[in-house]
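Going down the list, the protein sequences come from chains L and F.
Numbers in the working numbering are just positions in the first sequence, counted from 1, shifted up by 165.
Numbers in the working numbering are just positions in the second sequence, counted from 1, shifted up by 165.
Virtual Cβ for every residue (Gly too), placed ideally from N, Cα, C.
All values derive from a computational prediction rather than experimental measurement.
For reference, the structure discussed in these notes is given below.
Number of protein chains: 2
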Amino acid sequence: MARKQKRRSRCPIAFSLDCFGDRWSLLVIRDMVFKGKCYFGEFLTAGEDIATNVLADRLERLEDAGIITRRRDPEKGTKIVYGLTDRGIDLVPLLLELIAWSGRHDPGTAAPRKFLRELESNRDELARRTIRNLRERQAAEPQR
Amino acid sequence: MARKQKRRSRCPIAFSLDCFGDRWSLLVIRDMVFKGKCYFGEFLTAGEDIATNVLADRLERLEDAGIITRRRDPEKGTKIVYGLTDRGIDLVPLLLELIAWSGRHDPGTAAPRKFLRELESNRDELARRTIRNLRERQAAEPQR
DNA sequence: CCGGATCCGTTTCGATACTG
DNA sequence: CAGTATCGAAACGGATCCGG
């Protein structure tokens, strides 16, 4: 199915919300980054409950945006494996800021204390380590 | 009108998308942070085009979330002035990460080169300066 | 005029059921 | 397991109206 393209007007200090201006995309990315999830079924159970059709749509959208990859698992023939592209991995600092803000201001959302403490005291190092781990996990195939 | 409350389940590495999981909220906040906008009418024209009812809803939502304030302009009696709370100002680093990522990966969104360069080379200082400016502008009344 | 509120057609979302 | 199909509910967006 063809994807609907919404054109946004330009703006001096600009950013793209095409991939983040919804309730689910960042949660899916977070599951990949911080929980190592990579299967459709894992996203269904790991995060909050997202409907299957919505998940399918977000995955397709993220793939179109060049943030994730989608391919067949070479081992188990039936499974589909989703992975992060470089562009997706580069979202780590953004995710960390989001976690940090939520940790500071949203009493409901509780990332582990230890994580939050390291985040506040040594953000850049935490980002580098997270990214390094991700790259190791996905080192297999060439990303665009 | 009562606000609809969606309860999200908890998650190990968590963040709240209640205020950001939509197309407009972050744009409004950006207009306040980087363009000094504070009037209803300014948000209508300054950003991309948002419908008046949607804008009203987002402003109310952001106020409920403690991110912005809403009060009468003491000078011009009729006008309403919107301002950022501390919690709102604390979103600056997140906004900067979003701008940085978009600058790196989204060819369409073009923040000024100079801004992007400083962002990449000296992010923390840029954040501090931005926040300081904001506080000066809003120093008038006590925030929460 | 400014800051919305209301109405209404259209689009998108989301829960469930179903399929290869 | 990895998604479609369906369909009602909600959100959006445009236009218009309204109180101060």
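To the nearest angstrom, report how far apart residue i and residue j are at their CA atoms.
| i | j | result |
| --- | --- | --- |
| residue 308(L) | residue 185(L) | With a pLDDT of 38 at residue 308(L), under the threshold of 50, the predicted position of this residue should be treated as unreliable, though the coordinate-derived value follows. Going by the C-alpha atoms only, they are around 22 Å apart. |
| residue 258(F) | residue 282(F) | 16 Å |
| residue 289(L) | residue 225(F) | 35 Å |
| residue 280(F) | residue 200(L) | 34 Å |
| residue 298(L) | residue 206(F) | 47 Å |
| residue 251(L) | residue 208(F) | 34 Å |
| residue 183(F) | residue 269(F) | 26 Å |
| residue 187(L) | residue 217(L) | 16 Å |
| residue 256(F) | residue 271(L) | 13 Å |
| residue 157(L) | residue 198(L) | Not covered by the structure: residue 157(L). The range shown for chain L is 166 to 309. |
| residue 227(L) | residue 211(L) | 18 Å |
| residue 293(L) | residue 219(L) | 31 Å |
| residue 278(L) | residue 278(F) | 38 Å |
Which same chain residues, not among the five before or five after residue i, have their C-beta less than 8 Å away from its C-beta?
| i | result |
| --- | --- |
| residue 204(F) | 244, 245, 246, 247 |
| residue 236(L) | 245, 246, 248, 306 |
| residue 213(F) | 192 |
| residue 300(L) | 254 |
Mark residue i as exposed unless 16 or more other C-beta atoms lie within 10 angstroms of its C-beta, in which case mark it buried.
| i | result |
| --- | --- |
| residue 238(L) | exposed |
| residue 229(F) | exposed |
| residue 175(F) | Low per-residue confidence applies at residue 175(F): pLDDT is 38, beneath 50, and the placement is therefore not dependable, though the value from the model is reported in the following sentence. Residue 175(F) should be labelled exposed. |
Report all residues from its chain with a CB closer than 7 Å to the CB of residue i; omit the five preceding and five following residues, and keep chain order.
| i | result |
| --- | --- |
| residue 264(L) | 276, 284 |
| residue 195(F) | 260 |
| residue 303(F) | 248, 249 |
| residue 319(L) | There is no way to answer for residue 319(L), as the model of chain L reaches only from 166 to 309. |
| residue 291(F) | 261, 283, 284 |
| residue 202(F) | 196, 208, 211 |
Which same chain residues end up closer than 6 Å to residue i when comparing Cβ atoms and leaving out the 5 residues on each side of it in sequence?
| i | result |
| --- | --- |
| residue 215(F) | 189 |
| residue 240(F) | none |
Answer yes or no: do residue i and residue j have a C-beta to C-beta separation smaller than 7 Å?
| i | j | result |
| --- | --- | --- |
| residue 286(L) | residue 267(F) | no |
| residue 296(F) | residue 233(F) | no |
| residue 179(L) | residue 274(F) | yes |
For the ligand COA, I want to know if residue i counts as a neighbour, meaning its beta carbon is within less than 6 Å of at least one of the ligand's heavy atoms.
| i | result |
| --- | --- |
| residue 264(L) | As for the ligand COA, it is missing from this structure, which has no ligand bound. |
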